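Enquirer: Please see the structure below; I have some questions.
Numbering (our numbering), first residue to last: -13 to 297.
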């Protein structure tokens, strides 16, 4: 297949200054595609490379591990970029360690692979990284490629980070649900709002003070659900005020707190999907009856949780 060597080199050299806009972006060594449009010479070259990689995969040959880069535009999404690039979104998401389908930011520099598959970080950082390592643990650590009908993983370095590339790997239903789902769930199935967010007279001390969450009265032992996918930041037993409580960390600087629990169904470091049971309503800490004290904070600032569920 005819390659456009001169235009590629010319465009690459012309765009080199764009790689120095930040410390992270300056480490990219891949040609920068200006526009995901077939009229763009470099993108046309990229499309040919993707097609060649697809043919190599279908012929059971070694697939090429070549990469390009692209700066995200305002109108882009993970799905639109993947579609225009003839890629699966899980290939793009795993290589760029995206936490969810809304993680792309306008102006950020991402890496485009020419070969579909999953790219598993050797040093995982995001929940998706950890979930992929768990999904493919047998293949990565016990050489079960033939048993699982997968091709053997290939080690590669992309932007200075080590990955294990699995040519026929895909997101499992669990990972896919975690990546796509950013919905908010009610933390209990059925309850009565017994105390709102804001200033109130404390039922314990009788003093006027700020209430940083909402109280949801419900039967003892009721299931408590993660309000959104995230990571268990802490699990605390028998705090003098909150009793048994859990804090989850979510994408974008959000955290959620679940207090006065009877018990825990998760531990620190666990990755949980939105709607998963994390504990049960109890009477621990300072409380006058069984209820869930629920808080949401954005970058450390308390917000009224009710506004997330009024829609």
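For every residue, glycine included, the Cβ atom is placed at its ideal position computed from N, Cα and C.
This structure is a prediction, so every number in the text was calculated from the model and none was measured.
Give me, in chain order, the residues of the same chain whose beta-carbon lies closer than 8 Å to that of residue 153; leave out the 5 immediate sequence neighbours on both sides.
Expert: Along the chain shown, read from residue 1 onward, the residue named residue 153 stands at position 167. Excluding positions up to five away in sequence, the list reads 43, 49, 101, 102, 103, 137, 140.
Enquirer: Looking at the strands, I want to know which residues DSSP matches up with residue 281.
Expert: Indexing the chain shown from 1 puts residue 281 at position 295. 243, per the DSSP bridge assignment.
Enquirer: Identify the residues that DSSP records as bridge partners of residue 148: which are they?
Expert: Indexing the chain shown from 1 puts residue 148 at position 162. Paired residues: 143.
Enquirer: Determine contact between the segment 145 to 164 and the segment 113 to 123, defined as no fewer than three beta-carbon pairs at a distance below 8 Å.
Expert: yes
Enquirer: Specify, as a first and last residue, the run of the beta strand (DSSP E) that residue 295 falls within.
Expert: On the chain shown, position 309 is the one that residue 295 refers to. Residue 295 -> no beta strand (DSSP E), and no H or E assigned at all.
Enquirer: Rounded to a whole number of angstroms, what is the C-alpha to C-alpha distance between residue 206 and residue 277?
Expert: Stepping through the chain shown from its first residue, residue 206 is reached at position 220. Stepping through the chain shown from its first residue, residue 277 is reached at position 291. Cα-Cα distance, rounded: 7 Å.
Enquirer: Taking the continuous alpha helix (DSSP H) assigned at residue 159, which residues delimit it?
Expert: For this step, residue 159 is matched to residue 173 along the chain shown. It spans 159 to 166 - the alpha helix (DSSP H) in which residue 159 sits, taken as one unbroken run.
Enquirer: Just curious, the alpha helix (DSSP H) that residue 37 is in, first and last residue?
Expert: Indexing the chain shown from 1 puts residue 37 at position 51. Residues 27 to 44.
Enquirer: Tell me which residues share the same chain as residue 147 and place their Cβ nearer than 8 Å to its Cβ, disregarding the 5 neighbours each side in the sequence.
Expert: If you number the chain shown from 1, residue 147 lands on position 161. Once the five neighbours on either side are set aside, the close Cβ partners of residue 147 are 107, 108, 109.
Enquirer: Helix, strand or coil: which one does DSSP assign to residue 51?
Expert: Position 65 of the chain shown, counting from 1, holds the residue named residue 51. Note: residue 51 maps to coil in three-state DSSP.
Enquirer: What are the start and end residues of the beta strand (DSSP E) that includes residue 201?
Expert: Locating residue 201 in the chain shown gives position 215, where the first residue counts as 1. Taken as a continuous stretch (DSSP letters only), the beta strand (DSSP E) holding residue 201 covers 200 to 203.
Enquirer: Between the segment 219 to 228 and the segment 194 to 208, can you find at least three pairs of beta-carbon atoms closer than 8 Å?
Expert: The segment 194 to 208 and the segment 219 to 228 do not touch, with fewer than 3 CB-CB distances between them shorter than 8 Å.
Enquirer: Could you work out which residue in 95, 213, 22, 251 is closest to residue 175 when comparing CA atoms only?
Expert: Position 189 of the chain shown, counting from 1, holds the residue named residue 175. When only C-alpha atoms are compared, the closest one is 213.
Enquirer: Buried or exposed, going by whether 16 or more other CB atoms sit within 10 Å of the CB of residue 250?
Expert: Here residue 250 corresponds to residue number 264 of the chain shown, with the count starting at 1. Buried.
Enquirer: Is residue 285 buried or exposed, if buried means 16 or more other CB atoms sit within 10 Å of its CB?
Expert: Residue 285 sits at position 299 when you count from the first residue of the chain shown. Exposed is the call here.
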